[in-house]
Every structure is written in C-alpha cells, then in structure tokens.
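All residue numbers for the sequence shown refer to the numbering used here, where the first residue is 33 and numbers rise by one. Glycine included, each C-beta is placed from N, C-alpha and C at the ideal position. Here is the structure we will look at.
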Amino acid sequence: MFEQLVDIHARPKAFEHYTTDYLWTDDHTSAQMLKYHLDEDIDVSSRNDAFIDRSVAWILSHFAVRRGTRIADFGCGPGLYTTRLARHGADVTGIDFSPRSIQYARDAAAREGLEIHYVEENYLDFNTSARFELIIMIMCDFSALSPSQRRTMLEKFRNLLEPGGSVLLDVYSLAAFARREESATCQADLMDGFWSRNEYFGFLNVFKYPDENVVLDKYTIVERNQTRTVYNWLQYFDVNELKREFTECGLVVDETYADVAGSTYDPDGSEFAVVANKACDGGEIKRGRSN
C-alpha cells in the first residue's frame, strides 16, 4: 500500500505521460464528456450556449464568412461550432477523435440537412489535400498539447491554410497560472462517478511547474480490480511566448483578444485568444474579414 501511495503522489516530468485520448474514447468517460458538452448552461467541455452563439456571430462577421468559406474546426466535439457555421453556408470540416462526439455531430447535421465533413481522427495525425480559409481550435485545446505537439499543430495549420488564411485559437494565461495552487485530494467516487460505473476511490494531485508554466491535474482511479492514471496537462501562456511559437512555424499573430468572441484583451483574464495569419507571397498578409 505504501508503494502504491508513493506512485499516486509522484510528480512526473512535464508532459512525460500523455493520456488525453482516454477521456474521449473510453465508453464511460466519453459519455460524461458529451453530457458536459451538451449542457447549455456550463463551461466544462464546451462554452455555454449563449457564449457560443456570441462567438459564432463574431467569427462570421470578423472573418467575413460567406457561403462556401472553407473552415476547419480542430477538436470539434459534438459540432457546436461546426453546425452553427454550416447553417450560414460555410463549407465546414470537423476533426475529433471521440467516436461518441463525432456520431452526435453527424446525427445533428443529418437532422438539419447540413453537409458537414466530419473526420474521426486524432487531429495531430489529420491531413488532407483540402485547404482552408479559416482554422479554429477552441476551448483552449492548444493548451493541452506538449511543446512538440504544438509545433506539429502549428506547422499543420500553416500547410492547410490558403495563402492569407487565418487561425483562431484560445489558450490559458499566465494570470490563470498564478491563481492555480498545488493540492492533493482523495474522495470516494471522485467527481460523482465521472470516472467509472463501478465504485472507486479517486485521487487528484495538482502539480505546478513554474519553469514551464505548466499545471498537471493527475487523476488516479482505484477500483477493486484495476488502477488507472489520467494526466491532464495544461500549458499557460504569455502573449509574447505564444507569438514566438507561431512565428517559428511561419504564422504571424496579428490580433489578441480576451476570448474567441472578440472581447477586448484583458492581461488579468484567465485566458486569451489570438488570430494568426499565413503570409501571402512577398510577405503580404491578406485581410479576409470585415472591418
């Protein structure tokens, strides 16, 4: 028992283990995540319904989305953005590796007669001959990626963008990192049965990595016949550091906002959003949106 407790409370190196797919592909936890996605009043897997409506309205206006505008949503979940964008005539592709979420999205599109291309795949592995005028990655998905994974994504975005195309994504801020605290919790059926249909004890260890500006929520789920560990990594960003990562991959951060609904940037906010552009030939950046 002592050795087990040592393992449970052990601090790994930053991004040493990667288990994100478990949340979205396990039959039980993926059902819990979808339930959170579809709760219109909370901000857990997705933003609340009112925010999404406001965000989509801003995206349509800011990026001058018209009929046929090619948009890719990386981490589309059950299609809360893709469905809304397609209603306005955009040519939308959604990528997500959760079978349950993709099936829900496909069913929703079918009910409304919307032609949305959904791809059930880890977006780190996604590739296509199609090119997009706008790529979105929303709900701070980018913050869940390791440095090497982030580079993979940014290089992928650059390759998949039309010349002058744009990327919109949001991340957690250093102000939010400062407010996080380390902790250790043990509770029967932690998170009200989120982790299993069976009885279990759940351990949550929150570790901070000041040198990397990273937080780990380490969940250890102890059932009668098995023990599982889930690592939820979150990278927190300084605006200039995020810009540097984009620049290294051939993208230029052109605008900074408080969120993906275009609110004014707040340095004390828990997150922020950026718009990055792919330079046209000769370095010119195309402004493909309304003023």
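* To do: Report back the beta-carbon spacing between residue 274 and residue 306 to the nearest angstrom; my notes put them in contact at under 8 Å.
  => Looking up residue 274 in the sequence shown gives position 242. Looking up residue 306 in the sequence shown gives position 274. The Cβ separation is near 6 Å, so the contact holds.
* Asked: By the 10 Å Cβ neighbour count, where 16 or more other Cβ atoms means buried, how is residue 215 classified, buried or exposed?
  -> Walking along the sequence shown from the start, residue 215 turns up at place 183. Exposed: under 16 other Cβ atoms inside 10 Å.
* Can you tell me whether DSSP reads residue 50 as helix, strand or coil? -> Within the sequence shown, residue 50 is the residue found at index 18, counting from 1. In this structure, residue 50 counts as coil in the three-state DSSP scheme.
* At a cut-off of 7 Å, is residue 142 close to the ligand SAM when judged by its beta-carbon and the heavy atoms of the ligand? -> Absent from the structure shown: the ligand SAM. Ligands present: none.
* **When 250, 85 and 153 are compared against residue 131, the one with the closest alpha-carbon** => Sequence index remark: in the sequence shown, residue 131 carries index 99 (1-based). Cα-wise, what sits closest to residue 131 is 153.
* Determine the closest residue to residue 189 out of 68, 174 and 112, with distance taken between C-alpha atoms. => Position 157 of the sequence shown, counted from the start, is the residue given in the question as residue 189. Among 68, 174 and 112, the Cα nearest to that of residue 189 belongs to 174.
* To do: Return the chain-ordered list of same chain residues with a C-beta closer than 6 Å to the C-beta of residue 167, the five sequence neighbours on each side being excluded.
  => Position 135 of the sequence shown, counted from the first residue, corresponds to residue 167. 104, 189 and 199.
* To do: Counting only runs of 4+ residues fully inside the region 201-287, write out the alpha helix (DSSP H) ranges in chain order.
  => 206-211 and 271-280
* Asked: Leaving out the 5 sequence neighbours to the left and right, which residues in its chain are closer than 7 Å to residue 303 when beta-carbon positions are compared?
  -> To locate residue 303, count along the sequence shown from 1; it is residue 271. Counting only Cβ-Cβ distances below 7 Å, and skipping sequence neighbours, we find 172, 202, 203, 204, 205, 208 and 291.
* Thinking C-alpha only, which one of 244, 112 and 63 is nearest residue 47? -> Against the sequence shown, residue 47 aligns to sequence position 15. When each option's Cα is compared against that of residue 47, the closest is 244.
* Asked: By a C-beta neighbour count over all protein chains shown, 10 Å radius and 16 as the cutoff for buried, is residue 179 buried or exposed?
  -> Reading the sequence shown from its first residue, position 147 is the one you call residue 179. Residue 179 comes out exposed.
* Asked: To the nearest whole angstrom, what separates the beta carbons of residue 121 and residue 140, a pair I think is in contact under 8 Å?
  -> Within the sequence shown, numbered from 1, the residue matching residue 121 stands at position 89. Within the sequence shown, numbered from 1, the residue matching residue 140 stands at position 108. Not quite, the Cβ-Cβ distance comes to about 17 Å (not below 8 Å), so this is no contact.
* Counting only the same chain and skipping the five closest in sequence on each side, list residues whose C-beta sits under 8 Å from that of residue 62. => To locate residue 62, count along the sequence shown from 1; it is residue 30. Result list for residue 62: 55, 56, 130, 131, 132 and 133, in chain order.
* Residue closest to residue 268, alpha-carbon to alpha-carbon, out of 282, 262 and 246 -> Position 236 of the sequence shown, counting from 1, holds the residue named residue 268. Taking only the C-alpha atoms, the option nearest residue 268 is 246.
* To do: Identify whether residue 66 lies in helix, strand or coil by the three-state DSSP scheme.
  => Locating residue 66 in the sequence shown gives position 34, counting from the first residue. Residue state, collapsed to three classes: helix.
* To do: Give the DSSP-derived three-state secondary structure of residue 309 in the structure shown.
  => As a position in the sequence shown, residue 309 is number 277, starting the count at 1. Here residue 309 sits in strand by DSSP.
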